[in-house]
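Colleague:
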Amino acid sequence: MKNLCLRTFLPFAFFFHGFLVSGQEHRLRLVFTGDIMGHDSQIASALATGDSGYDYLPNYQYLKPYLDGADLAVGNLEVTLAGEPYRGYPAFSSPDALADALQASGFDILITANNHALDRGRDGLERTLQQLDRRDLLHTGTFADTGQRNTYFPLLMEKNGIRIALLNYAYGTNGIPDKPPTVINRIDTVQIRTDLEKARTAQPDFILVTMHWGNEYQRTENQEQRDLARFLFEHGADAVIGSHPHVVQPIRGGEKGTLVAYSLGNLISNQRDRYRDGGIAFELELLKTAEGCRIAGHGFLPLWVYKPKTAAGTQFVLVPAAVDPQSHPDLAMPEEDASLMKRFLYDTREHLAGHPEVAPNWME
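Going by the numbering used here, the first residue of the sequence shown is number 6, and it counts up by one from there.
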């Protein structure tokens, strides 16, 4: 785990920043990933490829060096860790080994407000949070009770001399009603405005908002997403990162207070249709100097889900889509799969034209 500090948000507390001398600067590199799913075939694969029990580490073997190189890595956990029976869609519960693999692969923070947060009811939501806490994985978006939300939301972190407030909201929970005392952050503009005001009392350098929104499988954001993004920026958000559609949607803007990545698509899933068989990691470089704070750069890394068949069964392996399989014999990727990965790469580059792409140089 990367060393994090200042986890707790203390309501109405004031934090005083030290003065920066001319020429001094602080930089922070963040990586956000798309939807971490847990379909039945993924669960079966984790059991088949594990020497004893479930093992999700092969999923992230080529992504781990990239996540380890980030100062902070944030993933969208779109399953519960509710215990047995383990099932995929429509009521997700993945083995705890998934959390082990995410922690070991370089994730620091998981956002948990999404439409599947209540798939296994209140008990499932609470158990999910307990499992993340046991692994020292920071999380935000869902809470055991209002006391936890009041204390730990917005999630405040400081690293490399830069303080960040992170907020997370979801449009709903597939019609499953809340069961107090647990809390799920809903997209409620009145509450969000209050939360953003609270975040500003901590004097963060950057306020980042993650939203579970939009229409599934639609490659362009809708008007509601655009209106919400505008609302968030008007009330203090510096960047907005979205999830839920399971396909990559456009990146708009580029400066602090304008940059929004509407949907990162799937990180890992068993969805194999065109546009759904991969997603992007979204990278932010934050800069703090004596002159102020700004977004120094952003970029995207296309990631494709490869399903090699092994003696132990079918695996799920995340591969940077720009990698040449011929240069990596260990991938042993058949031509049909290489062609599908190339198609995903072309589609993604075309869709995000004008925004910089991250080179997968750690696989060279």
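Backbone N, C-alpha and C fix where the C-beta goes; we use that ideal spot for every residue, glycine too.
Since this is a predicted model, take the numbers as computed values, not measurements.
Go ahead and pull the three-state DSSP assignment for N366.
Modeller: In this structure, N366 counts as helix in the three-state DSSP scheme.
Colleague: Could you give the DSSP three-state label for E341: helix, strand or coil?
Modeller: helix
Colleague: Answer with buried or exposed for D60, where buried requires no fewer than 16 other C-beta atoms within 10 angstroms of its C-beta.
Modeller: Classification of D60: buried, given that the 10 Å Cβ count is 16 or more.
Colleague: Pair every Cβ in the region 275 to 294 with every Cβ in the region 306 to 321, then say whether three or more of these pairs are closer than 8 Å.
Modeller: Contact holds: three or more Cβ-Cβ distances are below 8 Å.
Colleague: Let me know the secondary structure DSSP gives F238 once reduced to three states.
Modeller: Helix.
Colleague: What did DSSP end up calling I197 once you bin it into helix, strand or coil?
Modeller: DSSP places I197 within a helical segment (H, G or I) once states are collapsed to three.
Colleague: Cβ of A122 within 8 Å of Cβ of T147?
Modeller: yes
Colleague: Hey, out of V84, Q208 and Q135, whose CA is closest to G297's CA?
Modeller: Q208
Colleague: Return the first residue and the last residue of the beta strand (DSSP E) that D128 is part of.
Modeller: Counting along the chain, D128 falls outside any beta strand (DSSP E), though it belongs to the alpha helix (DSSP H) covering G126 to R139.
Colleague: Taking the alpha-carbon positions, what's the P339 to S110 distance?
Modeller: 26 Å
Colleague: How many Å lie between A204 and H251 at the Cα?
Modeller: 29 Å
Colleague: Within 10 Å of its beta-carbon, does E202 have 16 or more other beta-carbons around it, so buried, or fewer, so exposed?
Modeller: exposed
Colleague: Out of D243, A175, D141 and A104, state which residue places its alpha-carbon closest to the alpha-carbon of R299.
Modeller: Minimum Cα-Cα distance from R299 among the listed residues D243, A175, D141 and A104 corresponds to D243.
Colleague: Exposed or buried, V245, counting other C-beta atoms within 10 Å across all chains shown (16 or more means buried)?
Modeller: buried
Colleague: Name the DSSP bridge partner or partners of E260?
Modeller: Residue pairing by DSSP places E260 in no beta bridge whatsoever.
Colleague: Terminal residues of the continuous alpha helix (DSSP H) containing A109?
Modeller: Segment A102 to A109, the alpha helix (DSSP H) holding A109.
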